[in-house]
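Chemist: First, the structure itself, so that you have it in front of you.
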Amino acid sequence: NLETLSKAYSNGGSFFVGNNLTFADLCVYDVLENILEVDANTLDQYLWLKTNREEVAKNTNIAAYLKNRSQTEF
Numbered sequence: 002n003l004e005t006l007s008k009a010y011s012n013g014g015s016f017f018v019g020n021n022l023t024f025a026d027l028c029v030y031d032v033l034e035n036i037l038e039v040d041a042n043t044l045d046q047y048l049w050l051k052t053n054r055e056e057v058a059k060n061t062n063i064a065a066y067l068k069n070r071s072q073t074e075f
């Protein structure tokens with residue numbers, strides 16, 4: 002369970018490991034991207050994951066990429 006892991010390693014913050022964005026956060030963001038395309042309400046019962054995703058998307062470089070990336074079928 003991802004939320005259980007987050008409680009163990011996040012130090013009470015919004016990221017999976019410590020208080021900073023890590024590769025773990027990026028991996029989960031990417032996996033959830035595909036799941037949310039199928040069901041946009043998937044995270045409604047997982048508030049920590051929803052918050053984590055929002056925090057990842059706030060990163061300046063990631064926000065710029067998300068805004069300007071080309072949309073593909075895959």
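Residues are numbered in our numbering as their position in the sequence shown, beginning at 1, plus a constant of 1. Glycine residues also receive a C-beta, built at the ideal position from the N, C-alpha and C atoms.
For the segment 18-70, which segments carrying the alpha helix (DSSP H) assignment without a break, of at least 4 residues, lie completely within its bounds, in sequence order?
Modeler: You should have 24-39, 48-59, 61-69.
Chemist: Write down the C-beta distance between Asp31 and Phe16 rounded to the nearest angstrom, noting that I regard them as a contact closer than 8 Å.
Modeler: Their Cβ separation, rounded to whole angstroms, is 15 Å, which puts Asp31 and Phe16 out of contact at 8 Å.
Chemist: On the three-state DSSP scale, how would you describe Glu74?
Modeler: DSSP places Glu74 in coil when its eight states are reduced to three.
Chemist: Grab me the residues of Asn53's own chain with a C-beta within less than 6 Å of its C-beta, minus the 5 sequence neighbours each way, in chain order.
Modeler: Taken in chain order, the residues that qualify are Ser15.
Chemist: Does the beta-carbon of Ser71 have 16 or more other beta-carbons within 10 angstroms, so that it is buried, or is it exposed?
Modeler: With fewer than 16 other Cβ atoms within 10 Å, it is exposed.
Chemist: Which whole-angstrom value is the C-beta distance of Leu50 and Ala58, which I expect to be below 8 Å?
Modeler: Between Ala58 and Leu50 the Cβ distance is about 13 Å, and since that is not below 8 Å, they are no contact.
Chemist: Within the continuous alpha helix (DSSP H) that includes Ser7, where are the two ends?
Modeler: Residues 3-10.
Chemist: Our contact map puts Tyr47 next to Glu74 with C-beta atoms below 8 Å; I'd like the distance itself, whole angstroms only.
Modeler: Actually they are not in contact, since the Cβ atoms of Tyr47 and Glu74 sit about 27 Å apart, beyond 8 Å.
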